[in-house]
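Here's the structure we're looking at; comments come further down.
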Amino acid sequence: MYRGQTRFRPPTWQLVAVVLVDVGASAGAILYWKAFGIDWVFGGIALVAVIAGAGIFEVLTTSVVLGETDMQVRQRGRFRTVARKDIQTVTWESGCPLALLLQDGTWVKLPEVGRNTRALANSVRAWVKAT
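Now the structure itself:
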């Protein structure tokens, strides 16, 4: 039985950074609008606020959960379940995301969550080997 970490999420600092950018851009857009009205600069600042809002959604919804018999991958509102018995190989290289080679020959790329990609790769390998 695997007894390591079972839930991997993006680091807290990513959420804090995106929230700060969103709050700053939103405040900047409001202050600019009050002072100068609506023009292309206001549009640019508002666009940054909207993109940062999408970043908050992505950070909050991205995760990898290792269950008893399957792995649940959530990223950008999508959900995928991969059974442990279907995983043939877990690969990772520096600068590349973690990828799973399944028994049917398809590749599944995992989101970059947890401390780093190497730690996630080692945890997934240990989880796959545990029976």
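Using our numbering, you'd call the opening residue of the sequence shown number 6 and step up by one each time. The beta carbon of each residue, even a glycine, is placed where N, CA and C say it ideally should be. Note that the coordinates shown come from a computational prediction; the quantities given were computed from them, not determined experimentally.
Considering only their Cβ atoms, is the gap separating P116 from V64 smaller than 8 Å? Stepping through the sequence shown from its first residue, residue 64 is reached at position 59. Stepping through the sequence shown from its first residue, residue 116 is reached at position 111. For V64 and P116, no; Cβs fall outside 8 Å.
Express the C-alpha separation of R81 and E73 in angstroms, rounding to a whole number. Stepping through the sequence shown from its first residue, residue 73 is reached at position 68. Stepping through the sequence shown from its first residue, residue 81 is reached at position 76. In this structure, the alpha-carbon of E73 lies about 24 Å from that of R81.
Based on the DSSP secondary-structure assignment, which residues constitute the bridge partners of F13? The residue given as residue 13 occupies position 8 in the sequence shown. Note: F13 sits in a beta bridge opposite V69.
Please confirm if the segment 97-109 is in contact with the segment 117-136, defined as three or more CB-CB distances below 8 Å between the two stretches. Short answer: they touch.
Please confirm whether T11 and L71 have their CB atoms less than 8 Å apart. Mapped onto the sequence shown, residue 11 falls at position 6. Mapped onto the sequence shown, residue 71 falls at position 66. Cβ distance < 8 Å, so T11 and L71 count as in contact.
Measure the Cβ-Cβ separation of F13 and V87 and say whether it is below 8 Å. Your numbering for residue 13 matches position 8 in the sequence shown. Your numbering for residue 87 matches position 82 in the sequence shown. With contacts defined as CB atoms closer than 8 Å, F13 and V87 fail to qualify as a contacting pair.
Please state the DSSP three-state secondary structure of T122. Here residue 122 corresponds to residue number 117 of the sequence shown, with the count starting at 1. Helix at T122.
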